[in-house]
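Q:
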Amino acid sequence: MTSDQQPNRTKKVRCCIVGGGPAGMMLGYLLGRAGIEVVVLEKHADFFRDFRGDTVHPSTLEVMDELGLIDGFLKLPHQRLQKMDGLFGGTPVRIADLSRLHTKYPFIAFMPQWDFLNFLREAGRRFASLEVMMSTEAVDLIRRGETIAGVRAKTPDGIIDIEADLTIACDGRHSTVRERAGLVVEEIGAPMDVLWFRAGRKADETESVFARVEPGKMMITFDRGDYWQCAYVIAKGQHEAVKARGLQALLDDVVRMAPILRSGIADVKSFDDVKLLTVAINRMARWTRPGLLCIGDAAHAMSPVGGVGVNLAVQDAVATANLLADKMQHGCPPESDLDAVRRRREFPVKMTQRMQVIVQNKIISGALQGSDRPLKVPLIVRLITALPWLQGIPARLLALGVRPEHVHSKAAPAA
Ligand SMILES: Cc1cc2nc3c(=O)[nH]c(=O)nc-3n(C[C@H](O)[C@H](O)[C@H](O)COP(=O)(O)OP(=O)(O)OC[C@H]3O[C@@H](n4cnc5c(N)ncnc54)[C@H](O)[C@@H]3O)c2cc1C
9 MTSDQQPNRT
19 KKVRCCIVGG
29 GPAGMMLGYL
39 LGRAGIEVVV
49 LEKHADFFRD
59 FRGDTVHPST
69 LEVMDELGLI
79 DGFLKLPHQR
89 LQKMDGLFGG
99 TPVRIADLSR
109 LHTKYPFIAF
119 MPQWDFLNFL
129 REAGRRFASL
139 EVMMSTEAVD
149 LIRRGETIAG
159 VRAKTPDGII
169 DIEADLTIAC
179 DGRHSTVRER
189 AGLVVEEIGA
199 PMDVLWFRAG
209 RKADETESVF
219 ARVEPGKMMI
229 TFDRGDYWQC
239 AYVIAKGQHE
249 AVKARGLQAL
259 LDDVVRMAPI
269 LRSGIADVKS
279 FDDVKLLTVA
289 INRMARWTRP
299 GLLCIGDAAH
309 AMSPVGGVGV
319 NLAVQDAVAT
329 ANLLADKMQH
339 GCPPESDLDA
349 VRRRREFPVK
359 MTQRMQVIVQ
369 NKIISGALQG
379 SDRPLKVPLI
389 VRLITALPWL
399 QGIPARLLAL
409 GVRPEHVHSK
419 AAPAA
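Heads up: the sequence shown begins at 9 in the numbering used here, then just goes up one per residue.
#1: Can you say whether residue 162 is buried or exposed, counting buried as having 16 or more other CB atoms within 10 angstroms of its CB?
#2: For residue 412 and residue 356, what's the separation of their Cα atoms in angstroms?
#3: Given a cut-off of 7 angstroms on the beta-carbon distance, is the pair residue 30 and residue 288 in contact?
#4: For the alpha helix (DSSP H) containing residue 68, list its first residue and its last residue.
#5: Using 8 angstroms for Cβ pairs, my map puts residue 313 next to residue 368. What's the rounded Cβ distance?
#6: Flag residue 146 as yes when its Cβ comes closer than 6 angstroms to any non-hydrogen atom of ligand 1, and as no otherwise.
#7: Where do the ends of the alpha helix (DSSP H) carrying residue 336 lie?
#8: Given this structure, state the Cα-to-Cα distance separating residue 346 from residue 182, to the nearest angstrom.
#9: Hey, would you say residue 199 sits closer than 7 angstroms to residue 244, going by beta carbons?
#10: Let me check understanding here. Comparing Cα to Cα, which of 328, 148, 168, 333 lies closest to residue 16?
#11: So, does the segment 139 to 150 touch the segment 109 to 117, judging by three or more C-beta pairs under 8 angstroms?
#12: Cβ-heavy atom distance between residue 28 and ligand 1 below 6 angstroms?
#13: Would you identify the three-state DSSP class for residue 152, choosing helix, strand or coil?
#14: With H, G and I counted as helix, E and B as strand and the rest as coil, what does DSSP make of residue 354?
#15: Say yes only if the C-beta of residue 259 is nearer than 6 angstroms to one or more non-hydrogen atoms of ligand 1, and no if none qualify.
#16: Answer with yes or no whether the minimum CB distance from residue 251 to chain B is below 7 angstroms.
#17: Comparing the CB of residue 86 with every heavy atom of ligand 1, is any distance shorter than 6 angstroms?
#18: Using only alpha-carbon positions, find the residue among 332, 170, 371, 79 that is nearest to residue 227.
#19: Could you work out which residue in 89, 62, 157 is closest to residue 105 when comparing CA atoms only?
#20: Excluding the 5 residues preceding and the 5 following residue 177 in the sequence, name in chain order all residues of the same chain whose CB lies nearer than 6 angstroms to its CB.
#21: Tell me which same chain residues have a C-beta within less than 6 angstroms of the C-beta of residue 323, skipping the five on either side of it?
#22: Short of 7 angstroms in beta carbon distance, which residues of its chain neighbour residue 207, apart from the five on each side in sequence? Order them along the chain.
#23: Among residues of its own chain, excluding the 5 on either side of residue 343, which ones have a beta-carbon nearer than 6 angstroms to its beta-carbon?
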């Protein structure tokens, strides 16, 4: 990435959001709705990414409801998941039952993330003050003394300087903006990575089991209509070893664990069809600089455990708009006001990451180490399976998270 080239144009906005993922697109929508002049920069030409986390939890569905977007949103093709069942060393277990929740939308909606992001983009077109610039990559920060005053970005038409009172980094776990601002993350660590691939699904293939754990192996399968999305969990650093064993050995392991994939696995023809997703858990102690705020994965990368990262990113966006939209009407709030977002969101992030680390250390690490002895179902999982009323607790944590956010930022009067 280079910032040596000189800009051929300059644009001035109140707020520049870098990154059109769940955090950036939701925040763009909320600030546009509040009448704030905001631009969202997304480096890709579209939202079509092989993997971006496709789970929309009840907390996000409630936000969509509060924004009056839910009816249109739920018309998009999706699958609904209420009961999460697993096989732990062959023993059936129930991990969570969302039907026990007192929430308007007691299910997880599985929807390709590009559909979710495209939906927000289309819904946001009604706001004259919101612009989404695709194929536009922030490559450096503009500084005015100690203050971040916008970004320099690469576009298909050359370099542009986007001067902004406030820059918000929503550019994900490898955030360029964070790095350029000299903000650092504290790594918490994860013992695993994920191999991500698709296997064809026939219309009559159904199965309620979505998680399978065996000595040395773990796999999740999601029914995505015409295919099974598979996440095969490996110990961190073992990708090369898996490749060295060969594709057939991997596919044999997969089918042994999930016989339902027997015919569809033929879709995986080479290791090119198997993507490595590197798992990280980290967070920043400081989310701000004068003129700059980081949210979503840019401030705290989440483990895939629980599939909550997209929803936390959305919750960060809602909190940011709640706390700052009014104050941004007249310029950039002082850094102490920007830091209110960290003060509000740090507790839910820390609690969620703590729970993810417990699952990683107590369940996933143990399973991945493998042994010839039969796998023992952890006590907590046995209790949850045996006592159905307990299934509401993991369901609540998964569905609504810790301290769910609700939309309080105002909508500007229609023009
Ligand atoms: C293996 C794995 C599985 C996961 N599974 C799930 C799941 O099932 N459900 C779930 O909720 N979460 C899941 N997560 C977590 C989830 O993907 C993230 O927490 C979530 O996407 C964070 O959203 P975000 O908007 O902060 O960042 P991102 O989704 O990373 O979006 C950042 C955006 O910024 C853009 N960008 C980056 N740099 C620049 C730049 N310089 N200029 C302009 N644009 C830029 C990127 O193209 C991207 O669109 C998983 C994570 C992993 C690793």
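Ideal Cβ positions, reconstructed from N, Cα and C, are used throughout, including at glycine.
A: According to the structure data:
#1: Numbered from 1 along the sequence shown, position 154 holds the residue referred to as residue 162. Residue 162 is buried by the Cβ-count criterion.
#2: As a position in the sequence shown, residue 412 is number 404, starting the count at 1. As a position in the sequence shown, residue 356 is number 348, starting the count at 1. Near 8 angstroms, if we compare the C-alpha coordinates of residue 356 and residue 412.
#3: Within the sequence shown, residue 30 is the residue found at index 22, counting from 1. Within the sequence shown, residue 288 is the residue found at index 280, counting from 1. No, the pair does not count as a contact, with Cβ atoms beyond the cut-off.
#4: As a working note, residue 68 is residue 60 in the sequence shown. Run containing residue 68: 66 to 74, per the alpha helix (DSSP H) assignment.
#5: Residue 313 sits at position 305 when you count from the first residue of the sequence shown. Residue 368 sits at position 360 when you count from the first residue of the sequence shown. Between residue 368 and residue 313 the Cβ distance is about 6 angstroms, and since that is below 8 angstroms, they are a contact.
#6: To locate residue 146, count along the sequence shown from 1; it is residue 138. Because some heavy atom of ligand 1 lies under 6 angstroms away, the Cβ of residue 146 counts as near it: yes.
#7: Within the sequence shown, numbered from 1, the residue matching residue 336 stands at position 328. It spans 317 to 336 - the alpha helix (DSSP H) in which residue 336 sits, taken as one unbroken run.
#8: The residue labelled residue 346 in the question sits at position 338 within the sequence shown. The residue labelled residue 182 in the question sits at position 174 within the sequence shown. Those two C-alpha atoms are separated by around 22 angstroms.
#9: On the sequence shown, position 191 is the one that residue 199 refers to. On the sequence shown, position 236 is the one that residue 244 refers to. Yes, the pair counts as a contact, with Cβ atoms nearer than the cut-off.
#10: Here the question's residue 16 lines up with position 8 in the sequence shown. Per the Cα distances, 168.
#11: no
#12: Position 20 of the sequence shown, counted from the first residue, corresponds to residue 28. Yes, Cβ of residue 28 sits closer than 6 angstroms to a heavy atom of ligand 1.
#13: Taking the first residue of the sequence shown as 1, we reach residue 152 at position 144. Strand, per DSSP.
#14: On the sequence shown, residue 354 is found 346 positions in, with the first residue counted as 1. Helix, per DSSP.
#15: In the sequence shown, residue 259 corresponds to position 251, counting from 1. Result no, Cβ not under 6 angstroms from ligand 1.
#16: No chain B appears in this structure, which consists of one protein chain only.
#17: Residue 86 sits at position 78 when you count from the first residue of the sequence shown. No, the beta carbon of residue 86 sits no closer than 6 angstroms to any heavy atom of ligand 1.
#18: If you number the sequence shown from 1, residue 227 lands on position 219. For the residues 332, 170, 371, 79, the minimum Cα distance to residue 227 belongs to 371.
#19: Translated into positions along the sequence shown, residue 105 becomes position 97. With distances taken between Cα atoms, residue 105 lies closest to 89.
#20: Taking the first residue of the sequence shown as 1, we reach residue 177 at position 169. Only 26, 183, 185, 186, 302, 306 meet the Cβ criterion.
#21: By one-based count along the sequence shown, residue 323 stands at place 315. The residues are 413.
#22: Here the question's residue 207 lines up with position 199 in the sequence shown. Closer than 7 angstroms at the Cβ level, and outside the excluded window around residue 207, lie 235, 236, 238, 269, 272, 273, 275, 276.
#23: What you label residue 343 is simply residue 335 of the sequence shown in a count that begins at 1. Correct list, in chain order: 296, 298.
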